[in-house]
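What follows is a single structure, written as structure tokens, with notes after it.
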Amino acid sequence: MERTGAAAVIIGNEVLTAKVVDANGPLLIRRLREVGIPLRSVEIIPDDVDIIVEAVARARARAPYVFTSGGIGPTHDDVTVRAVALALGRQVVRLPEMVELVRRRSENLTAEALRLADAPEGAVLLPQEGTWFPVLTVDNIFLLPGVPQLFKLQLETVLARLRGTPVHLCNLYLRLGESAIAAVLDRVALDMPHVAIGSYPVFDATLDYRVKVTVEAAEAAPVEQAVARIRGGLPADAIVRQE
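Per the working numbering, the very first residue in the sequence shown carries number 2; after that it's consecutive.
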């Protein structure tokens, strides 16, 4: 597999046990899509150090950018920092600048509160507009909090520093079923492997189409060519609309 784009690791027993509905994964998927960074994988795993280490290693093998969600904090189940350090073969260190930030925010500074200043060796802090808590990153691993409001803020800070290539996308809504269009899609996909073609049937009688076909590529011209070939291979009345 080509090592490009990003991979995500969503961490939290609460997600796997349905105590909390994960909002961070869907947001990350959508925002990466919008900025043109391909997402290679998303794993949802428990607050277990060994499992996090393995998941982070897999993510780094797939993509140069890795996002983690959850396990950042002062409580016993916040083990992401330690696990990421282990995955990198690093020590956990206490960042003096983070100690100072925690000190400013705490009227009664406790040993538990100071855990917020722990980070894998070599980590840096990215200033975060709108909150005192900065983004923690090390070797292009971005350790984001699990709280959706904070995750969203920190994600935007990270994405502003990354560069992507937005894709060109065309949607075709067809009144034919997949069996009737499969041969046409097969031919176009085989002849144009650099264009991604997706076929998604729906089973809702209230809708005016039966299949949504997506055609996308890094440039507009191949998308237009593929769409023209698909349209040319189907009956004129097969297409409800094109977007």
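For every residue, glycine included, the Cβ atom is placed at its ideal position computed from N, Cα and C.
Remember, it's a predicted structure, so these values are computed and weren't measured experimentally.
Check, Outcome
"A56 burial status per 10 Å Cβ neighbour count (16 or more: buried)", "buried"
"Where I46 falls: helix, strand or coil (DSSP)", "strand"
"As assigned by DSSP and simplified to three states, the class of I73", "coil"
"Q243 to I231 span [Cα, whole Å]", "12 Å"
"The region 171–180 touching the region 127–141, judged by at least three CB pairs closer than 8 Å", "no"
"Selected residue, minimal CA-CA separation from A9, among V241, A19, R162, I53", "I53"
"8 Å contact criterion, which V139 and D119 should meet: CB distance rounded", "Rounded, the Cβ-Cβ distance is 12 Å, inconsistent with contact."
"Alpha carbon of L160 to alpha carbon of V36, nearest angstrom", "8 Å"
"Bridge partners - S200, DSSP secondary structure assignment", "V214"
"G234 vs V185 beta-carbon contact at 8 Å", "yes"
"For D119, the residue or residues it bridges with in DSSP", "R95"
"V189 vs S200 beta-carbon contact at 8 Å", "no"
"Element boundaries [alpha helix (DSSP H), containing N25]", "25–36"
"Residue burial classification, A107 (beta-carbon count within 10 angstroms, cutoff 16)", "One point to set straight first is that residue 107 is Ser, not Ala, in the sequence displayed. By the 10 Å Cβ count, S107 comes out exposed."
"Strand pairing of T138, partner residues [DSSP]", "V125, F143"
"Those residues which DSSP pairs with R242 across a bridge", "Y174"
"V16 versus A84, A60, E113, E44, residue with shortest Cα-Cα distance", "E44"
"Alpha-carbon spacing of K20 relative to L156, whole angstroms", "23 Å"
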